[in-house]
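**Q** One structure is given below, represented as structure tokens, and several questions about it will come after.
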Amino acid sequence: MFSQLTILLSAKDYMLPCLNKKLFGIDCPGCGMQRSVDLLLHGDFVGAFKMYPAVYPIVLLLLFLISNLFLKLKYAHQIKFFLMLVTAGTIIVSYILKMNSLFN
């Protein structure tokens, strides 16, 4: 049990590098997600949002998808579609803002 907790707390040692950033030197739309999840696991909610703003819509979508396995809602398809749109929109808008501040 303690060794599993230690692995979670030292997840920074196991993070994958971004191939896009390694090859082209430019962040991809997913850059920061691993660090953001690590910050979430450590309780730094504001830092997680600053690192990757789409982390909260992704968490909501994943929680809904998992709960939908056990609870069948009448409008599950519409809720899932809405959460997917919010997640994709947040990823796109935050990436555009990041690239705009990087190149200006």
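Using numbering that gives the first Met the number 0, read the sequence shown as starting at 0 and increasing by one per residue. All C-beta atoms, glycine included, are put in the ideal place defined by N, C-alpha and C. Nothing here was measured: the structure is a model prediction, and the numbers come from that model.
Can you tell which of P16, D26 and V58 has the C-alpha that lies nearest to the C-alpha of N99?
**A** D26
**Q** What separation, rounded to the nearest whole angstrom, lies between the Cα atoms of L68 and V58?
**A** V58 has its alpha-carbon roughly 16 Å from the corresponding atom of L68.
**Q** Please list the terminal residues of the continuous alpha helix (DSSP H) segment that includes H41.
**A** From DSSP, H41 is part of no alpha helix (DSSP H); its letter is neither H nor E.
**Q** Tell me which same chain residues have a C-beta within less than 6 Å of the C-beta of M14, skipping the five on either side of it?
**A** Answer for M14: Q33, listed in chain order.
**Q** Can you tell me whether DSSP reads A74 as helix, strand or coil?
**A** Reading off the sequence shown, one finds Tyr at residue 74, where the question assumed Ala. In the structure shown, Y74 sits in coil (DSSP, three-state: anything other than H, G, I, E or B).
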